[in-house]
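Just so you know, the sequences run in chain order H, C, Y and Z.
To convert a position in the first sequence, counted from 1, into the numbering used here, add 503.
To convert a position in the second sequence, counted from 1, into the numbering used here, add 352.
To convert a position in the third sequence, counted from 1, into the numbering used here, add 326.
To convert a position in the fourth sequence, counted from 1, into the numbering used here, add 118.
All residues carry an ideal CB built from backbone N, CA and C; glycine is no exception.
Contents: one structure, followed by commentary.
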Amino acid sequence: MSPELASLLRILAAVGLMLMNGVILIYMLRRVLGRLHQRLGPVHVGPQGLLQTPMDVLKLLTKEDITPTNVDKALYFIAPAAVFTPSLMAYAAIPFSPTWMVTDLDTGLLYTLVVMSLVSMGLLMAGWASANKWSLIGGMRSVGQHIAYEIPLLLSVLPVVMYVGTLNLSSIVEAQSGTWLGILPQWFITNPLFWPAFIIFIVSALIKVNQTPFDMSEAESELVAGFATEYSSMKFGLFFLSEFSNSFIVSALAVTLFFGGWTLPFVPDEVLAPIAPVVFMLKVYVGIFVLMWIRGTLPRVRMDHLMQFAWKILIPAVLTWILVFGFIIKLFDLGRPVG
Amino acid sequence: MTEPHFTVTESGLMTPEGMYIPGEPPKGIRRIPKGVDRLGTEHLIVNMGPQHPSTHGVLHLIVELDGEEVVTVEVSIGFLHRGIEKLAESRRFDHLGTLMDRGDYVSVIHGEQAVALAVEKLMEIEVPAKAAWIRTLTAELTRLASHLVWFGTFGLDTGAMGQFLYAMRDREVLLDILEEISGQRMMFNYVRPGGVVADLPTGIESRILSFCDTFEVYLEEHDALLGGNEIFQARVKGIGVVSKETALAFGLTGANLRASGLGFDVRRDRPYDAYPELEFDIPIGTIGDSWDRYTVRMEEMRQSLRMIRQLVGGMPGGPFTAKVPKVLRPPAGEVYASVESSRGETGIHLFTDGGTTPYRMHYRAASLFTCQLFEEILPGHLFADACMLLGSFDIMLGEVDR
Amino acid sequence: MWGKGILNGMRITMRNMLRGPITVRYPYERVTLPERARWAVEVVRDESGAHKCTACMTCVRACPDHILDLQFTTAEDKSKHIDYLRYEMGACMMCGLCVEACPFDALKMGQDYELAKLTRDELTVDLLVDVAAAAPARAKKASEVPAGGTDDSRGGGTDG
Amino acid sequence: MAIDKLTGENSLAFIKSEQLFDYARSNSLWYLAFGSACCAIEGLMHASGPRFDFDRMGVFFRASPRQADVMIVAGTVNLKLAETVRTLYDQMPEPKWVVAFGACANTGGPFREYPNVLLGVDKILPVDVYVPGCPPRPESIHFAFRELQKKIRGRAEERLEARRDSR
């Protein structure tokens, strides 16, 4: 097989995975939220309601596609794609197993974070082009929160990068294989040195996925449907899918950086190799369940509280922590650069 | 965009009401001229409602926003005007309850009770003890159900779906009990002049008591889930402060008034039915912000539970209705009777001319007074807070528009 | 500490999740209605299908919404013959006042809440027409139409 | 001509795919969260609450009319509100359905003697299902949605029928 064909196949697999993921995650969200609220969630369409999201997608595909009169037609049309494409591109560098990934970028971490930050541009486009005041406020809010939390998100992964000395995601995973003293898995989450970074990462990542408690940009009780107010049919479906795809990416990043990716402690490599993607996906889905649990519990944060938290607390905190962390690993010579 | 209603002259802005002086509101009007403020940005006017998730019905607010800050608010009501007061003039006195049910459609019994009390006052009917106690019991159960709707939608306004669904879960049990007593889940048509329609069904006492036991646990959970949440506290504390003077000036009653630190409660100050024989406390807030309104209502739910326990325990025997003629014909005159509904004082002012229908009925609805307050309270808050403020006041549009 | 309340809230939602769902799977399970439940007005019939209405007009006068319409003709021997007792189900608020007023207990509040109709004409019914007697005729009419694939009354094809 | 037989509007392939889409539509009815009065509590809030859980049937609410399939008119519509209701209906994308929930939406209900109240929402919208009751139980709206699903699925059946007859 020629390398071009192989990479094409990989890209197609990533697209398929993303669509599948979106469909499964929407179903999972409805079931999990249902259970959290002592309901059932969709159960009547297909066995255990499994056909529910395919039905929704089919319906959205055949709905009338309304273009309101006063919209900026070009932007209105591009915006869903501009939101959807980055969240698809972000799949490229995620290491599902030692061999399963679209491409093993040397700057994989940076690439993923940068591509994810493109989403906010699409949201602003949608908000601006819709010629709707709710959409405009929603788009503005989303840009505000994304820009504010880009910085702590980028900075919070720095301790990991300083520790392993690489931006390559699969190298970061490899650095976490093995155990501490034969008891704990050698994931970064088991090392107290990484806890502050992890907390900051989780908070800023939650904001990136636009979910409660940080769903100001589509706050249902305030802005009707935020940036997506004027979108109908599959354009809306793309927003919907990309939101879930984002939560997958965020969870996958957290697993890669802090929970050891596809590694498992006490399992020899030859056993692990075939089941590595399964292990990875399981970890990611546990992470997504926690996201949904948070979503079903917390009320929404106010915009100005959020901004103050970012600029006044989170960014100084993460900068300080990077400084302290750098001193610690330099003083005690803790860094374990790979490669 | 409409035409700006000002002209620019050499000395500044000329509005129809006079010269605009920066930093001060224009003379005679509160509205800052459109499109002008200290940043020089254009104000955004959004129409909130009649279809908007956080207006709880069909309230229409015309909100002028400067960025995210609310500058002015105009309340537009009347989307649910269906002539309850006018239709009452063609309804017999014992049928008035069916109209009042649909006035404040969440605290239903209180409307029926107010009508019944008014007619009884006119005709000087002595209500048997048991009827009074059953009425009070159903009224307190309804108060719980109504406060649960407030709690759920307040949670929904803050973006938390869980609270809403948990509140609905508890309300289901309450509605089952009320359905068993009266026959319908919402529009009971149970209280009539002279008493109630039917006796309590057998075995309902144990159901009510077991509900009280479970709900006591759930109520503390609700309080911890929403009230204990730091995000929620940061959003409600110090927001929407209604001072004592404002509260009095706008004629607030009920929990909104008590949150401002004024302890007026019809149940205690103008007691009716079985309330004089019950032991209960009246929670009072301190500064009148959203947090006070929240805590006062939560405490009211606990007091309601306490009252329900007393009512079930001490239910007297005897007939459940007084001897009343089949067709009520009160003497000519006028009467005012009020009850403490979940939203404040619900009053009925009846004018009669000796016929079988009222000559005129006035319905004093607490939410209408709360509605007027928005134009005063909302400006200066962020838009997100404005949505929450609407939730914290607990208005019911059926009562506002009637 | 800031954040304690949030964690406590997460604990509470998890506890609620473990309590299990309370959902009634409606078409397959039903809530038993209490005895006093009031839904659409029905006419009380004895075994032979005869009703007790004497056309006294009390219910028509009692109805606050004026949705009952009773027409009768008086024969030469002063016996009343009821033409129809028309009942606008679509406007009924099911308050039960007509049933309370009826001196002959000829009316009762039904317990059937599945009242959804597809056309407006079906919202007005003649209460005195015996539905049980008319049923065979309707069944015959239905049998002429071939049965649809997914079209069974309680629960579609793939419900599970 | 030949290709028309295979893909035309009355071809079996077309009708069968329509049938599939109708099945999908009937199983994913998102409703517009717009209640005006009493019925909103029962028909929208309690019906989607934990006890009667609308989500089971794939029915959940959208706040924006652009994403809704069904409009549940729950409550009294008076002349001032009628314009809004009509606008909301016009903003919904095709195919769309209307459920008139409760006595007021059906015929004006207890308030129909008042001149300001609209005598049934079918005066301004094409109503598909009427649900009597004041307010109806949450199960009533579930039943109404099942009726609506049957109606949606029945459309393709009718066309197949017509096709068979035309041969």
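Listed by chain order, chain Y residues near R542(H) by CB distance under 7 Å: Simply P347 and T349.
Quick one, are the C-beta atoms of A342(Y) and L627(H) less than 8 Å apart?
It is Asn, not Ala, that sits at residue 342(Y) in the sequence shown. Contact: no.
Problem set entry | Residues sharing a beta bridge with Q397(Y), DSSP | Paired residues: Y410(Y).
**Message:** Measuring only the C-alpha atoms, how far is L775(H) from Q679(H)?
**Reply:** Taking the straight line joining both Cα atoms gives about 14 Å.
message: Using a 10 Å radius around the Cβ and a threshold of 16 neighbouring Cβ atoms, would you call G670(C) buried or exposed?
response: Around the beta carbon of G670(C), fewer than 16 other beta carbons lie within 10 angstroms, which makes this residue exposed.
message: Check for me: the beta strand (DSSP E) holding F703(C) runs from which residue to which?
response: Note, F703(C): beta strand (DSSP E), G696 to T704.
Where does the unbroken alpha helix (DSSP H) through R805(H) begin, and where does it stop? Where R805(H) is concerned, there is no enclosing alpha helix (DSSP H), given that its DSSP letter is neither H nor E.
(message) Less than 8 Å between the beta carbons of D641(C) and F567(C), yes or no?
(response) Contact flag unset, no.
Requested in this report: For the stretch 787–809 of chain H, enumerate the residues whose C-beta is nearer than 7 Å to any C-beta of chain C, in chain order.
Outcome: Residues G799, T800, L801, P802, R803, V804, R805, M806, D807 and H808.
* Taking Cβ positions, are S638(H) and N713(H) nearer each other than 8 Å? -> Against a cut-off of 8 Å, the Cβ pair of N713(H) and S638(H) comes out as no contact.
Self-check item: Distance between beta carbons of F540(C) and D453(C), contact taken as under 8 Å
Solution: The pair is a contact, with the Cβ atoms about 7 Å apart (cut-off 8 Å).
**Asked** Three or more beta-carbon pairs under 8 Å between the stretch 583–602 of chain H and the stretch 749–765 of chain H, yes or no?
**Response** By the criterion of at least three beta-carbon pairs nearer than 8 Å, the stretch 583–602 of chain H is in contact with the stretch 749–765 of chain H.
ask   = Where do the ends of the beta strand (DSSP E) carrying G685(C) lie?
value = Element bounds for G685(C): G685 to S693.
TODO: Excluding the 5 residues preceding and the 5 following S505(H) in the sequence, name in chain order all residues of the same chain whose CB lies nearer than 6 Å to its CB.
DONE: Only residues of its own chain outside the window of five on either side were considered, and among them none has a CB closer than 6 Å to the CB of S505(H).
* Since G335(Y) meets chain H, which of its residues come closer than 8 Å, beta carbon to beta carbon? -> Within 8 Å Cβ-Cβ: T800 and L801.
So what does N196(Z) bridge to, in DSSP terms? In the DSSP output, where bridge partners are listed per residue, N196(Z) has V235(Z).
inquiry  = Can you tell me whether M748(C) is buried or exposed? The criterion is at least 16 other CB atoms within 10 Å of its CB, across all chains shown.
reply    = Only buried fits M748(C), as 16 or more other CB atoms lie within 10 angstroms of its CB.
query = Can you find a C-beta in chain C that's less than 8 Å from the C-beta of M415(Y)?
reply = With 8 Å as the cut-off, M415(Y) does not count as an interface residue toward chain C.
Q | C-beta neighbour in chain Y for R533(H), strict 8 Å | A | No, its Cβ sits nowhere closer than 8 Å to a Cβ of chain Y.
- Task: List the residues of chain B that K596(C) touches, going by C-beta distances under 9 Å, in chain order.
- Result: Here the protein chains are H, C, Y and Z, and chain B is not one of them.
Report the option in F742(H), Q689(H), L512(H) and I778(H) whose CA atom is closest to the CA atom of F599(H). Ranking the options by Cα distance to F599(H), first place goes to I778(H).
message: Does the CB of P183(Z) have a neighbour CB from chain Y at under 8 Å?
response: Contact of P183(Z) with chain Y is not assigned, every C-beta pair being separated by 8 Å or more.
* In chain order, which continuous runs of the beta strand (DSSP E) of length 3 or greater are located wholly inside the stretch 220–279 of chain Z? -> Whole beta strand (DSSP E) segments, 3+ residues: 247–249.
Practice task
Compute the Euclidean distance between the alpha carbons of V386(Y) and K678(C), then round it to the nearest angstrom.
Solution key: Their Cα atoms are separated by approximately 16 Å.
Does the beta carbon of R174(Z) sit closer than 8 Å to a beta carbon anywhere in chain H?
Yes, R174(Z) counts as interfacial toward chain H.
| request: Measure the alpha-carbon distance for E127(Z) versus A274(Z) and round it to whole angstroms. | output: One alpha carbon belongs to E127(Z), the other to A274(Z), and they sit about 12 Å apart.
Discussion item. Along the chain, where does the alpha helix (DSSP H) containing D644(C) start, and where does it finish?
Written reply: Start and end: S642 to G665.
Boundaries (first-last residue) of the beta strand (DSSP E) holding T450(Y):
For T450(Y), the uninterrupted beta strand (DSSP E) run begins and ends at T450 to D452, by DSSP.
Using 10 angstroms around the beta-carbon of V596(H), count the other beta-carbons present and answer buried if the total reaches 16, otherwise exposed.
-> Strictly speaking, residue 596(H) in this sequence is Ala, with Val absent from that position. Per the 10 Å Cβ criterion, buried.
| The alpha helix (DSSP H) with E568(C) in it runs from where to where? | E568(C) -> alpha helix (DSSP H) spans I556 to H574.
Using CA coordinates, which residue listed in V543(C), S690(C) and C723(C) is at the minimum distance from H412(C)? In terms of CA proximity to H412(C), C723(C) leads the group V543(C), S690(C) and C723(C).
| Interface partners of R387(Y) on chain Z, CB under 7 Å | Within 7 Å Cβ-Cβ: nothing; R387(Y) doesn't reach chain Z, min ~15 Å.
M189(Z) versus R204(Z): straight-line alpha-carbon distance, rounded: Rounded to whole angstroms, M189(Z) to R204(Z) spans 11 Å at the Cα level.
Tell whether a beta-carbon distance below 8 Å holds between V605(H) and I514(H). In this structure, I514(H) lies closer than 8 Å to V605(H) by Cβ.
Please give me, in chain order, every unbroken run of the alpha helix (DSSP H) with length at least 4 that falls completely inside the stretch 639–683 of chain H.
Here the runs fully enclosed are 661–667 and 672–677.
Under 9 Å from the C-beta of V235(Z): neighbouring residues of chain C:
Simply H433, R434 and G435.
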